[in-house]
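Data first, discussion second: the structure below is written as structure tokens.
There are 2 protein chains.
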Amino acid sequence: MTSTLQPPTATARRTPQQRVDDWLARFDQALTAGDPTAAAGLFAVDGFWRDLVAFTWNLKTAEGREQIAEMLGARLADTAPSNWATAEPATETPDGVAEAFVEFETRTGRGSAHLRLRPGPDGNDEGWTLLTTLQELKGHEEPQGHARPLGAVHGADTDRRSWAQKRDDEESELGRTTQPYTLVIGGGQGGIALGARLRQLGVPSIVVDTHDRPGDQWRKRYKSLCLHDPVWYDHLPYLPFPENWPVFAPKDKIGDWLEFYTRVMEVPYWSKTTCTSAAYDEDAQRWTVELDRDGERLTLYPAQLVLATGMSGKKNVPTFPGHEVFAGEQHHSSEHPGPDAYAGKKVVVIGANNSAHDICKALVENGVDTTMVQRSSTHIVKSDSLMEVGLGALYSQQAVDSGMTTKKADMVFASMPYRIMHQWQIPIYDEIRLRDKDFYDSLTAAGFDLDFGDDDSGLFLKYLRRGSGYYINVGASELVADGTIKLAKGGVDHLTENSVVLSDGTELPADVVVYATGYGSMNGWAADLIGQEVADRVGKVWGLGSETAKDPGPWEGEQRNMWKPTQQPGLWFHGGNLHQSRHYSLYLALQLKARYEGLDTPVYGQQEVHHLK
Amino acid sequence: MTSTLQPPTATARRTPQQRVDDWLARFDQALTAGDPTAAAGLFAVDGFWRDLVAFTWNLKTAEGREQIAEMLGARLADTAPSNWATAEPATETPDGVAEAFVEFETRTGRGSAHLRLRPGPDGNDEGWTLLTTLQELKGHEEPQGHARPLGAVHGADTDRRSWAQKRDDEESELGRTTQPYTLVIGGGQGGIALGARLRQLGVPSIVVDTHDRPGDQWRKRYKSLCLHDPVWYDHLPYLPFPENWPVFAPKDKIGDWLEFYTRVMEVPYWSKTTCTSAAYDEDAQRWTVELDRDGERLTLYPAQLVLATGMSGKKNVPTFPGHEVFAGEQHHSSEHPGPDAYAGKKVVVIGANNSAHDICKALVENGVDTTMVQRSSTHIVKSDSLMEVGLGALYSQQAVDSGMTTKKADMVFASMPYRIMHQWQIPIYDEIRLRDKDFYDSLTAAGFDLDFGDDDSGLFLKYLRRGSGYYINVGASELVADGTIKLAKGGVDHLTENSVVLSDGTELPADVVVYATGYGSMNGWAADLIGQEVADRVGKVWGLGSETAKDPGPWEGEQRNMWKPTQQPGLWFHGGNLHQSRHYSLYLALQLKARYEGLDTPVYGQQEVHHLK
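Just so you know, the sequences run in chain order A and B. Residue numbering for the first sequence follows my numbering, starting at 9 and increasing by one per position. Residue numbering for the second sequence follows my numbering, starting at 9 and increasing by one per position.
The following block contains the structure:
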């Protein structure tokens with residue numbers, strides 16, 4: 009039976025809404041009947057079901073009917089899903105895929121879903137991709153909208169304290185006379201977004217950071233730093249950037265926003281705080297964390313510990329022969345102070361990815377003689393191409409004007425299974441390669457070693473797989489192409505007193521060497537803070553197991569260890585870019601809230617550890 | 009010809025959209041033909057046209073066909089309106105009034121309008137109310153949405169300075185090497201909202217305030233203070249409060265928000281700044297303003313001076329016989345520090361309006377023996393009744409959920425002509441009086457002297473007419489009703505060493521007297537800063553000329569001197585509640601921008617002065 013010779017079935021002539029309603033009805037029937045095989049049978053053989061917490065208490069993608077049936081076999085009865093209905097009218101793509109935003113309920117919560125249907129071999133619709141996400145826990149809904157707090161108390165207020173006083177009291181008690189349930193280490197956008205969610209969910213938490221003020225993580229970086237993702241992608245939870253916020257916000261503006269967000273969202277935040285050690289007490293099921301808070305030594309006993317120290321782990325500084333005789337200054341890119349001190353000097357930057365480009369651009373704009381040393385290829389994409397072609401359908405002014413909301417965009421973005429995401433991305437980067445042909449040619453002509461990811465799937469997948477190896481061009485590439493930023497190729501062999509010598513013998517005179525050589529896995533922080541044993545128990549953080557550069561297999565299906573239970577009880581990792589910090593903070597906060605409330609949270613398909621770093 | 013006997017005309021059977029389109033077509037025709045009489049003839053004899061800047065370069069309500077024709081006679085040719093079209097589908101009220109949000113253009117700008125049509129005596133639709141507002145100036149649009157600033161510079165940045173450095177440089181130059189075009193005196197919500205608009209419009213401005221930090225105007229008030237208007241009414245421009253903001257925000261939370269807003273909206277703000285004098289230079293057409301900025305003496309030369317010192321003018325402190333022998337503490341409500349110092353004391357509060365109630369409530373909750381002295385009646389409305397019945401259709405969670413936006417709500421609110429606003433308001437307060445009958449009865453039973461405004465039109469009109477004489481109940485009234493707050497009636501005759509004696513001889517022992525006795529007209533600040541001559545030239549600020557208590561005639565049709573040209577060139581007043589600060593800051597900012605750009609701004613119907621204060 010070949011579908012090409014069959015007459016068009018009723019599928020072809022039904023509206024997308026009818027297609028979705030029909031499928032949801034059969035889906036609901038199979039689920040209610042407690043029949044995993046029947047439910048899984050409604051999916052394409054190569055269909056996907058990605059669940060964020062609602063069914064699996066995990067972030068888990070089931071790939072194919074078997075895995076879907078297996079997941080349901082374990083989780084269907086307990087989840088008790090019901091009330092599947094579209095949230096708004098379903099739509100259809102030009103190639104016949106029906107798409108819908110769907111709402112549903114479970115025994116313990118309410119969820120949002122996204123569904124794609126396409127006709128199977130027999131012409132009937134099959135589930136191609138289903139994303140189910142938990143949005144709220146019944147009985148523990150956030151106080152917003154109709155449920156927002158009243159504020160003023162009507163009638164006699166038995167609590168005499170003003171709001172400011174209550175907050176002061178809370179701040180002086182938390183961590184001293186009352187323990188936080190969750191301690192979040194790291195107060196950048198990740199920790200702050202998670203802290204805001206936990207606050208709204210009523211989970212006693214503290215976010216701690218070493219810097220003086222929230223936002224300093226941005227303020228104290230090199231002065232040319234700005235966001236490379238456009239504003240619509242970057243909103244924090246609850247409080248989006250206004251209509252007149254720049255597309256690519258300068259670092260100090262983001263710093264200011266984060267500082268005041270922390271304040272007005274009442275995120276419980278300790279700055280000038282360093283955690284010196286943490287140990288898990290298996291019997292008490294809580295952590296013992298030693299801290300130094302602005303000189304005061306304290307011990308906290310949170311049940312849950314979240315490392316939100318940044319998707320980048322500890323700085324990676326190679327030790328080249330001769331580094332100890334080099335007379336000039338050497339530092340890692342994360343410690344680069346900016347170009348001001350280097351006028352008249354020769355600077356050699358080892359590395360050719362994001363930090364290297366940002367640093368080189370600032371240096372040459374300050375008139376500094378600058379050489380970038382490229383050892384392996386870099387994926388380059390122009391930020392406006394990324395914005396328009398890569399993100400435009402979901403995160404752009406036009407998207408907003410056509411009714412796209414941040415929540416819907418996040419749902420659509422999350423609905424693309426990692427396994428096949430490259431199918432969506434490859435055509436995008438083909439288009440970009442054509443669109444910016446002259447640009448790429450000019451780079452190649454200058455000797456720059458370009459790539460588009462191992463399978464030409466471009467930036468986002470390279471980011472998801474290894475979190476590095478790219479530069480979103482905001483001007484440095486033009487300076488490489490025209491030679492303003494000098495380019496040297498090859499690995500470093502050794503340093504002399506006043507130069508960097510490459511493996512082919514090329515000698516680069518240098519007063520300053522900047523190691524733009526990246527970062528290790530986030531579990532490096534865990535190793536430092538908790539111990540190597542726990543770091544190894546948890547394993548490598550980030551990456552998909554795609555068997556591409558720096559992302560060895562086996563296939564994980566989800567980001568290693570991010571935003572979900574790890575092999576170390578009570579230990580979690582949060583972070584990513586502003587989009588991920590915003591979106592995934594919801595799911596992590598809900599998992600923590602459920603545990604705080606003593607709800608049953610049986611984790612399905614806990615990730616195993618295949619790599620230590 | 010009586011309309012009741014006529015068969016229903018086509019009007020009755022047409023859709024609201026058809027009705028509006030037809031009327032707009034005829035309106036546009038008459039306007040394009042340059043025919044004021046024909047255009048005015050499309051209105052009901054008693055129709056209204058309220059214009060905010062677009063036609064009149066003023067805030068001006070034309071009442072009735074004659075005034076409409078007169079306004080058009082003077083302004084039609086120069087305004088050159090065109091492109092009238094509904095912004096969204098027109099609607100119809102149950103009693104047959106067609107309503108629409110409309111967009112239009114003028115020679116120099118683009119505007120938003122709101123239209124109400126109702127059938128006239130012959131059954132044809134007539135303009136009942138038309139609101140036209142200027143929204144932007146052509147060629148001077150605000151950089152938002154599609155036009156938002158890019159932020160990062162693509163390619164080589166010839167300006168080496170980071171954003172933070174540019175802002176620092178700007179801050180150090182403004183007022184020293186470069187003059188602001190506009191100086192805004194007063195950095196509360198009014199000054200801040202206006203400052204944000206001026207920033208977006210590119211008008212060099214400074215907002216100055218005496219306090220240490222933005223938001224202190226709220227932080228430093230008595231601790232129980234919170235907003236009495238609900239959150240949906242209170243948003244600032246550009247950056248609405250989030251979904252989880254309390255309905256009635258406590259003062260410190262508002263203080264934090266204002267501080268945050270000032271920073272992230274890049275409002276140029278000088279705190280710790282007092283203006284000591286200002287004088288207008290007629291020849292140079294600019295002000296000379298002497299300031300003390302944190303101890304440094306400076307002179308500024310702005311072309312435009314805005315007093316945004318608060319809708320309340322200078323404190324009004326009556327001087328009773330014996331005040332000089334009274335042994336205890338005496339202060340005006342604006343200087344009341346809160347209840348903490350008065351445990352065990354007897355406090356007498358003179359006055360029975362908003363401040364008196366807030367202060368008395370806080371005192372009794374602190375166990376202080378407190379008596380409120382009421383001389384004249386007070387309008388009381390419960391805040392939830394006001395919120396639900398008074399504002400609910402426009403400013404509430406339900407309104408938001410049904411698609412109401414702040415802009416549309418502001419337009420509808422502004423579309424109700426002041427002359428007939430009581431018609432809308434009286435039924436609302438009739439309903440409130442019924443709904444809260446027990447509440448009001450309990451107050452009357454306690455001896456409290458209640459009113460609902462001179463014509464029973466309730467709170468908002470009392471606010472518009474005199475800005476005082478009411479209390480939005482957030483709990484104090486229950487304490488008056490049950491006697492916790494003691495009530496005394498009558499005027500004060502004199503003070504003794506340790507008591508307040510009323511005109512009927514009642515003696516109230518007192519350790520503290522709080523004069524909750526209100527404020528003068530805002531031009532009192534002008535008198536202090538500039539001089540009595542200018543204060544008199546400008547006259548009384550606020551009020552409608554309704555010939556009700558404290559609002560003598562003749563009828564003004566608009567708020568005296570607010571947000572529009574005054575009789576003193578270069579002098580403006582801004583303020584009002586959070587709604588007005590938000591909404592009217594747009595029109596004031598546009599008027600200032602137009603002058604900054606040297607556009608022609610012929611003011612139609614400049615307000616005359618009938619009262620000095």
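Every residue, glycine too, gets a C-beta built ideally from N, C-alpha and C. A quick note: this is a predicted structure, and the numbers were derived from the prediction, not measured.
Looking only at its chain, what residues have a beta carbon closer than 7 angstroms to the beta carbon of residue 527 of chain A, apart from the 5 residues adjacent to it on each side?
Closer than 7 angstroms at the Cβ level, and outside the excluded window around residue 527 of chain A, lie 320, 321, 322, 323, 324.
Taking Cβ to Cβ, would you say residue 211 of chain B is nearer than 8 angstroms to residue 193 of chain B?
Cβ atoms of residue 211 of chain B and residue 193 of chain B: not closer than 8 angstroms.
Give the C-beta separation of residue 609 of chain A and residue 65 of chain A to the nearest angstrom, bearing in mind that I take them to be a contact with Cβ-Cβ under 8 angstroms.
About 5 angstroms; that satisfies the 8 angstroms criterion.
What's the gap between the Cα of residue 108 of chain A and the Cα of residue 584 of chain A?
Each residue's Cα considered, the two are about 27 angstroms apart.
Would you mind telling me which residues of chain A sit closer than 7 angstroms to residue 158 of chain B, beta carbon to beta carbon, in chain order?
For residue 158 of chain B, the chain A residues whose C-beta falls within less than 7 angstroms of its own C-beta are 254, 255, 256, listed in chain order.
Within a Cβ cutoff of 6 angstroms, which residues of the same chain sit near residue 371 of chain B, ignoring the five residues on either side of it in sequence?
So the list reads 347, 355, 378, once near-sequence residues are dropped.
Keeping to the same chain, check which residues put their C-beta closer than 6 angstroms to that of residue 99 of chain A; ignore five residues upstream and five downstream.
Within the same chain, residue 99 of chain A has close Cβ partners 24, 107.
Determine, using beta-carbon pairs with one atom in the segment 248-265 of chain A and one in the segment 267-274 of chain B, whether at least three such pairs fall under 8 angstroms.
With a cut-off of 8 angstroms, the segment 267-274 of chain B and the segment 248-265 of chain A count as touching, because enough Cβ pairs lie within range.
I want to verify the contact list: residues of chain B whose CB lies under 8 angstroms from the CB of residue 151 of chain A, in sequence order.
For residue 151 of chain A, the chain B residues whose Cβ falls inside 8 angstroms of its Cβ are 252, in order along the chain.
Do you know how far the Cα of residue 235 of chain B is from the Cα of residue 363 of chain B?
Those two C-alpha atoms are separated by around 12 angstroms.
For residue 613 of chain A, count neighbouring Cβ atoms within 10 angstroms of its own Cβ and tell me buried if that reaches 16, exposed if not.
Buried is the call here.
Taking 8 angstroms as the threshold (C-beta atoms), are residue 577 of chain A and residue 618 of chain A in contact?
Cβ atoms of residue 618 of chain A and residue 577 of chain A: not closer than 8 angstroms.
Taking the beta strand (DSSP E) that residue 209 of chain B falls in, what are its first and last residues?
Going by DSSP, residue 209 of chain B is part of no beta strand (DSSP E) at all; its letter is neither H nor E.
To the nearest angstrom, how far is it from the Cα of residue 413 of chain B to the Cα of residue 240 of chain B?
Rounded to whole angstroms, residue 413 of chain B and residue 240 of chain B show a C-alpha spacing of 9 angstroms.
Using the three-state DSSP reduction, which class does residue 338 of chain B fall into: helix, strand or coil?
Collapsing the DSSP output to three states places residue 338 of chain B in a strand.
Could you spell out the range, first to last residue, of the beta strand (DSSP E) harbouring residue 581 of chain B?
For residue 581 of chain B, the enclosing beta strand (DSSP E) stretches over residues 579-581.
Please list the residues of the segment 271-293 of chain A that have a C-beta atom closer than 9 angstroms to any C-beta atom in chain B, keeping them in chain order.
For the segment 271-293 of chain A, which is checked against every Cβ of chain B, the residues closer than 9 angstroms are 271, 272, 273, 274.
Please list, in chain order, all residues of the same chain as residue 397 of chain B whose beta carbon is under 8 angstroms from its beta carbon, the five residues on each side excluded.
Cβ neighbours of residue 397 of chain B beyond the five flanking positions: 436, 439, 440, 443.
With a threshold of 8 angstroms between beta carbons, is residue 234 of chain A in contact with chain B?
Contacts with chain B at 8 angstroms (Cβ-Cβ) include residue 234 of chain A.
At a Cβ threshold of 8 angstroms, is residue 208 of chain B touching chain A?
Closer than 8 angstroms to some Cβ of chain A, the Cβ of residue 208 of chain B qualifies, so yes.
Find the residues of chain A that neighbour residue 82 of chain B, judging by a C-beta separation of less than 8 angstroms, and give them in chain order.
Residue 82 of chain B does not reach chain A, its nearest Cβ partner there being about 35 angstroms away, counting only Cβ pairs nearer than 8 angstroms.
Residue 199 of chain B vs residue 316 of chain B beta-carbon contact at 8 angstroms:
Yes. Within cutoff.
For residue 365 of chain B, does the three-state DSSP call read helix, strand or coil?
The answer is helix: DSSP assigns residue 365 of chain B an H, G or I state.
Excluding sequence positions up to five away, which residues of its chain have a Cβ less than 6 angstroms from the Cβ of residue 118 of chain B?
Counting only Cβ-Cβ distances below 6 angstroms, and skipping sequence neighbours, we find 143, 144.
Can you find a CB in chain B that lies within less than 8 angstroms of the CB of residue 540 of chain A?
Using a Cβ-Cβ cut-off of 8 angstroms, residue 540 of chain A does not count as an interface residue toward chain B, since no Cβ of chain B sits closer than that to its own.
With DSSP collapsed to three states, give me the class of residue 356 of chain B.
Residue 356 of chain B falls in the strand class under three-state DSSP.
Residue 124 of chain B and residue 116 of chain B - do their beta-carbons sit closer together than 8 angstroms?
In this structure, residue 124 of chain B does not lie closer than 8 angstroms to residue 116 of chain B by Cβ.
Taking C-beta pairs closer than 7 angstroms, name the residues in chain B that residue 418 of chain A reaches, listed in chain order.
Those do not exist, as residue 418 of chain A stays about 16 angstroms from chain B at its closest Cβ, beyond 7 angstroms.
For residue 620 of chain A, which residues in the same chain have their Cβ closer than 6 angstroms to its Cβ, ignoring the five residues on either side in sequence?
Around residue 620 of chain A, the same chain offers 544, 547 as residues with beta carbons nearer than 6 angstroms, after the five sequence neighbours per side are excluded.
Residue nearest to residue 189 of chain B in terms of C-alpha spacing, selected from B:82, B:224, B:569, B:314
Of the candidates B:82, B:224, B:569, B:314, the one whose C-alpha sits nearest the C-alpha of residue 189 of chain B is B:314.
Where residue 614 of chain A sits in the DSSP three-state scheme
DSSP places residue 614 of chain A in the coil class of the three-state scheme, outside both helix and strand.
Less than 8 angstroms separating the beta-carbons of residue 296 of chain B and residue 287 of chain B?
At a Cβ-Cβ threshold of 8 angstroms, residue 296 of chain B and residue 287 of chain B count as neighbours.
When you compare each of B:560, B:615, B:264 to residue 572 of chain B by their alpha carbons, which one comes out closest?
Considering only alpha carbons, the answer is B:615.
Outcome for residue 593 of chain B when other beta-carbon atoms lying within 10 angstroms are tallied against a minimum of 16:
With at least 16 other beta carbons inside 10 angstroms of its own, residue 593 of chain B counts as buried.
Kindly give me the distance between the Cβ atoms of residue 221 of chain B and residue 267 of chain B, rounded to whole angstroms, as I take these residues to be in contact under 8 angstroms.
Between residue 221 of chain B and residue 267 of chain B the beta-carbon gap is near 6 angstroms, inside 8 angstroms, which marks them as a contact.
What separation, rounded to the nearest whole angstrom, lies between the Cα atoms of residue 146 of chain B and residue 89 of chain B?
Computed Cα separation, rounded: 13 angstroms.
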